[in-house]
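With mature numbering (1 follows the signal peptide of the UniProt record, and there is no 0) applied, the sequence shown covers -20 to -1, 1 to 687. Beta carbons: idealized from backbone N, C-alpha and C, even for Gly.
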Amino acid sequence: MCIRNLKATICLLLTTTLVACLQTPGAAKEKSSGVNAGAVLSSVFDVSRSARIKSRSLMQRSFLDNVGTREQRLQIAFVIDGTDSMGQDIQGVLGSLPNMVSDLQRHKDDQTLISFGLVVYRDVNSRSGAVTLPIGGQFTSDIDVLKKALAVTATESGEPYFEEAVDLGLNDAFKSLAWDTTPGVLHWVILFGDAPPYPVGFNKNGAKRVYSDDDLIKQAKGLDATIHSILCSSGFQNNNGKNEKLKTSYETAAVKATRPFMSVLCSKTGGVFLDLSQDDVVKTMLAEAERTEVPYTKMDVITKDDLLAAKSGQKVGLEVAPVSVAVLPHTSLEKMKFDADMPEVQIATMIQEKLRLIPDLEVKDPSSVAKAYKSIASLNLNDGEAMQKLANDLRVDYVIWGEEGNQGGESQLKSSLFRRLDNQALAEAQAVGAAMQSAPPTNDTAMNSLIQTVTEKLLKSAKGELDALGVNDGMAEAYDRLDQDENMAKAFSAPLSENLRASREILSGLGQLEQALAFNLGDPQAKPYLDRAERKFGSALIYDPENAMAHAWLASAQFNLAGQDGGEKYADAYRESLEKANECKANLIYEPYQQLIEAQYSLVVAKDAARAIEVYEALLSEKTDQLELGLKSHWMLAGIYAGDWGVDMQFVDPVKSREHIVQILANWANSREAEYLKSVLRWDDEEGTRHPNLPLENYAKSNVMED
């Protein structure tokens, strides 16, 4: 499994890639001889890459949302335009078939549960006729049969007109193929084409429209079939400039008519429409097709009952979820921005870091907060309405928000705590510091004083609310640990660095890292933020070279840069930063953070998986109510027991890996980690996990990081 970047928090020091269970690493996928259509089939059925594509909103939904349960039979009819302009796409489909079938079979318990039919359509004047069935009317699970049929499929003229007999091809798919109508069998039609059908009512020179859109949709629904459509373009886009007139005609006439035709078929039958006439779509699909195939492994199904059992067993007597809070930049709503270098954003970043120390307190990640704010920015809400809307949208109990400024030459910070339950500002805190000599941000003394005051009032309000609800006092007692745990209290009051300039650079780096988290691992849009984060942490270490957390956060940025295309050069830097963090970890006040650094160092640098397991399991045993530590430990143990990071087979235990995944899904349901897991496991609220295999994306990277 692939861990998405962990939150840019104290626990981000060990950002890694979530893992699953072990198989032998796969080689790179075969490159299709075609360009666009082949690239589609090389990636959209691979669960790890489909998740990335879907996140970019290139599809209305994922193909894999329709793949069904692991026990369901799936019949797929390819309906392909066989005219001359489709030659490259047909070859692309042919070249990608082995990968596509392999990807789909991972979703089923038996490879014979997936079978294929083939329909090729052209036009009325084509030599072979308007429609042919290269393998007859039967469906086959034998990939070689399908490959041979496609290999001998010759493209022909699409005369007499630009339009093609698409409607006839679909009609034959519905009526001439041997569909299994047993209840529960899934039916797909995947349409590949680059030209529209004739207009309704057209009838000239033997060419005419026989079946309307409504007719085709009715036939599909009669079979309970889903139509997926792929609008191809390689025959027009790759003509080396020899027929610019043809390309222009395609872009203006063909696309304009084909796009709505395919779109309506998909939308009315619950399918996916992928438009390869769009340059950004093609670029992304090709990039995904070039990615190295990751290994997968089988994982027993996880059900909602498993999650309920894990949730109820987490803490006996716990009647409500942990209290959750979102922190906003400390400036007026109309001026609010999320630039990591701005003092008001750095104030919020520091508050978030401190709050994450508190047991049973869930802090919303800043990228989600920024997204929620941007969605309400134009609604003209007053402050109270805005806080209520944000709390509701983010599903948090509290919102912390205030302003920073300068009064009489002194820095001033003011913050309020808004409670979602009654939309009241339950607590206010203010801190005044020495005059600032430069814009970012106020001095650490003022900020720490503010955070200390606000947090104490937050805990008091939370305790009062729980008492009013008659909830077990165990929750409130957990909050008291901040005062009772001397080590934790010292860590809470300590600055990120004794050097003010280093603190500012660290806060900026954390903010940049958080902005990178809005994107998936490897997304090139994240790279500018990661580059800036690396520079900021590096700058901080100039002023405070023994700061273990700065080294660890620098390692996080470098790890994520290593996940970018061409990022191999960051692998050594990542290891070196982890080594330095491990050397400096004794400087940290809070012992659990020392342990986290040691565990990651043991796993990645020392290759001592046994020690890493020992440390993470100890953290789970000793710090069960600290949410960030718990999530981090479950996350890493899920990977280690799965066999990621190149650990020896003696440590691989898929059952234990599954147990930690269940804990994440049950008790950190709103985390990025759970979101990722639900995506790759194809989570359904009723059925549970529908995909029986988990991608293991970190195995190859661990080999790069070897000495």
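Sub-9 Å separation of residue i and residue j beta-carbons
i, j, result
"valine 472", "isoleucine 641", "Before going further, note that residue 472 is phenylalanine rather than valine in the sequence given. Their beta carbons are not under 9 Å apart, which means phenylalanine 472 does not touch isoleucine 641 by this criterion."
"methionine 645", "isoleucine 380", "According to the sequence provided, residue 645 is leucine. The question's methionine does not apply to it. No. Outside cutoff."
"tyrosine 554", "glutamine 538", "yes"
"alanine 187", "tyrosine 141", "yes"
"isoleucine 115", "alanine 131", "no"
"asparagine 46", "threonine 206", "yes"
"valine 169", "leucine 150", "yes"
"arginine 53", "threonine 162", "yes"
"isoleucine 94", "serine 121", "yes"
"glycine 173", "glutamate 144", "yes"
"leucine 541", "aspartate 511", "yes"
"alanine 513", "alanine 496", "yes"
"serine 637", "leucine 617", "yes"
"tyrosine 581", "glutamate 559", "yes"
"serine 137", "aspartate 195", "no"
Residue burial classification, residue i (beta-carbon count within 10 angstroms, cutoff 16)
i, result
"alanine 506", "buried"
"proline 504", "exposed"
"lysine 317", "exposed"
"leucine 359", "exposed"
"asparagine 567", "exposed"
"residue 704", "Residue numbering for the chain in the displayed model covers -20 to 687; residue 704 lies beyond these limits and cannot be assessed."
"lysine 344", "buried"
"alanine 289", "exposed"
"glutamine 118", "exposed"
"aspartate 363", "exposed"
"glutamine 464", "exposed"
"glycine 546", "exposed"
"alanine 158", "exposed"
"alanine 608", "One point to set straight first is that residue 608 is glutamate, not alanine, in the sequence displayed. It counts as buried."
"lysine 354", "exposed"
"valine 59", "buried"
"asparagine 562", "buried"
"glycine 626", "buried"
"glutamate 597", "exposed"
"proline 675", "buried"
"arginine 107", "exposed"
"alanine 234", "buried"
"lysine 565", "buried"
"valine 584", "buried"
"glycine 382", "buried"
"glutamate 51", "exposed"
"glycine 543", "buried"
"aspartate 665", "exposed"
Cβ-Cβ separation, residue j to residue i (assumed contact under 8 Å), whole Å
i, j, result
"alanine 306", "leucine 370", "7 Å"
"valine 73", "tyrosine 101", "Wrong, their Cβ atoms sit about 14 Å apart, outside the cutoff."
"leucine 245", "serine 209", "6 Å"
"alanine 592", "isoleucine 569", "Rounded, the Cβ-Cβ distance is 23 Å, inconsistent with contact."
"glutamate 384", "isoleucine 327", "6 Å"
"alanine 532", "aspartate 524", "Contact flag wrong, Cβ pair sits at about 13 Å."
"methionine 242", "leucine 171", "7 Å"
Inter-residue Cα distance where the pair is residue i and residue j
i, j, result
"glutamate 667", "aspartate 286", "12 Å"
"valine 660", "serine 396", "39 Å"
"glycine 623", "methionine 629", "7 Å"
"threonine 329", "isoleucine 522", "21 Å"
"valine 349", "lysine 184", "59 Å"
"glycine 97", "serine 156", "10 Å"
"glutamate 655", "lysine 612", "15 Å"
"glutamine 199", "asparagine 500", "39 Å"
"glutamate 470", "alanine 320", "The residue you asked about is not glutamate; residue 470 is lysine in the sequence shown. Going by the C-alpha atoms only, they are around 26 Å apart."
"leucine 84", "serine 488", "43 Å"
"alanine 352", "arginine 375", "11 Å"
"histidine 671", "methionine 279", "9 Å"
"glycine 502", "aspartate 552", "18 Å"
"asparagine 647", "lysine 284", "12 Å"
"asparagine 79", "histidine 87", "13 Å"
"proline 177", "leucine 657", "41 Å"
"valine 595", "glutamine 392", "42 Å"
"glutamine 91", "proline 275", "18 Å"
"lysine 549", "leucine 493", "19 Å"
Uninterrupted beta strand (DSSP E) stretches inside the region 43 to 127 (no shorter than 3 residues) | 54 to 61 and 94 to 101
Completely contained beta strand (DSSP E) runs for the region 314 to 389, where each covers 3 or more residues = 341 to 343 and 378 to 387
At 4 residues or longer, and completely inside the region 443 to 531: list those alpha helix (DSSP H) runs for me, N to C.
-> 454 to 459, 461 to 464, 466 to 473, 480 to 496 and 507 to 523
Whole runs of the alpha helix (DSSP H) within the region 615 to 685, excluding any shorter than 4 residues = 634 to 647, 652 to 660 and 679 to 684
Contiguous beta strand (DSSP E) assignments of at least 3 residues, all confined to the region 177 to 211 | 205 to 211
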